[in-house]
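Next up, the structure:
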């Protein structure tokens with residue numbers, strides 16, 4: 455059975471969707487951070503995405519070159535959206551119907567990994583239905599004053615630390631396995 459990994463890059467206060475974050479994050483992409491992110495990109499056999507990540511990544515990555523760009527552009531993508539219509543571009547398939555049942559089917563298709571970048575509504579849905587096998591956060595050593603906190607309004611989710619890695623830039627990668635949740 456495939457495992458689902460959710461990966462997100464966040465500030466120390468858990469934000470990644472602000473212009474202030476985007477203005478700082480690449481200052482901390484030291485060679486070891488870049489190698490870590492590249493290694494993660496080559497792990498899955500397909501990507502899971504919500505609409506916002508799909509639209510942002512498709513626009514950005516389709517214009518890039520190099521081995522990481524070739525890899526992400528060639529991977530199959532499964533996109534959860536209530537507003538996008540078929541056919542999707544960028545080697546993507548729209549998840550139709552019950553997103554939970556469709557992701558369960560994707561997990562059953564083979565061994566390997568499905569990777570979701572970013573944390574949003576799709577992540578919340580997968581966590582609440584015990585579909586996430588691992589959460590990987592790259593936490594950068596700065597805070598930003600504005601932006602969404604990824605885990606707002608989710609209730610209590612418990613995680614077990616699997617691994618922690620410190621990078622030369624001061625960023626830290628944290629790998630967690632969900633171990634349960636309660637409504638909150």
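Numbering (the working numbering), first residue to last: 455 to 638. We treat Cβ as the ideally placed atom computed from N, Cα and C, and that holds for glycine.
Rank 579, 586, 485 and 541 by C-alpha distance to the C-alpha of residue 613 and give the top, closest one. With respect to the C-alpha of residue 613, the residue from 579, 586, 485 and 541 having the closest C-alpha is 586.
When burial is assigned at 16 or more other CB atoms within 10 Å of the CB, is residue 637 buried or exposed? Below a pLDDT of 50, predicted positions are generally treated as unreliable, and residue 637, at 39, falls in that range; no measurement from the model is reported.
For residue 554, the first and last residue of its enclosing alpha helix (DSSP H): Looking at the DSSP string, the run of the alpha helix (DSSP H) that includes residue 554 is 553-562.
Starting from the C-beta of residue 620, find all residues in its chain whose C-beta is less than 6 Å away, skip the five residues before and the five after it, and write them out in chain order. Excluding the 5 residues flanking it on each side, residue 620 has same chain C-beta neighbours closer than 6 Å at 626, in chain order.
N- and C-terminal bounds of the beta strand (DSSP E) containing residue 458: Where residue 458 is concerned, the enclosing beta strand (DSSP E) stretches over 457-465.
Over the uninterrupted beta strand (DSSP E) stretch that includes residue 571, give me the two end residues. Segment 567-571, the beta strand (DSSP E) holding residue 571.
According to DSSP, is residue 536 helix, strand or coil? Residue 536 sits in coil when the DSSP states are folded into three classes, being neither helix nor strand.
State the DSSP-derived secondary structure class of residue 473, mapped to helix, strand or coil. If DSSP states are grouped into helix, strand and coil, residue 473 belongs with the helices.
To test your reading of the DSSP string, which unbroken beta strand (DSSP E) runs of 3 or more residues are found completely within the stretch 593-633? Within the stretch 593-633, the complete beta strand (DSSP E) runs of at least 3 residues fall at 610-620.
Which term fits residue 517, buried or exposed, when burial requires 16 or more other beta carbons within 10 angstroms of its beta carbon? Exposed: under 16 other Cβ atoms inside 10 Å.
On the criterion of 16 or more Cβ atoms from any shown chain inside 10 Å, does residue 555 qualify as buried, or is it exposed? Around the beta-carbon of residue 555, fewer than 16 other beta-carbon atoms lie within 10 Å, marking it exposed.
Local conformation of residue 585 per DSSP, three classes: Coil.
Cβ of residue 622 within 7 Å of Cβ of residue 484? Remark: C-beta atoms of residue 622 and residue 484 approach each other more closely than 7 Å.
Same chain, Cβ closer than 8 Å to residue 537, neighbours up to 5 away in sequence not counted: If we look at residue 537 and ignore the five residues flanking it on each side, its Cβ neighbours are 505.
How about residue 498 and residue 567: do their beta carbons lie closer than 7 Å? Going by C-beta atoms, residue 498 is nearer than 7 Å to residue 567.
Can you check DSSP and say which residues form a bridge with residue 547? For residue 547, which the question treats as bridged, DSSP gives the partners 532.
Start and end residues, beta strand (DSSP E) containing residue 501: For residue 501, the uninterrupted beta strand (DSSP E) run begins and ends at 500-504, by DSSP.
Is the separation between the beta-carbon of residue 464 and that of residue 593 shorter than 7 Å? For residue 464 and residue 593, yes; Cβs fall inside 7 Å.
Does DSSP put residue 591 in a helix, a strand or coil? In the structure shown, the three-state DSSP call for residue 591 is strand.
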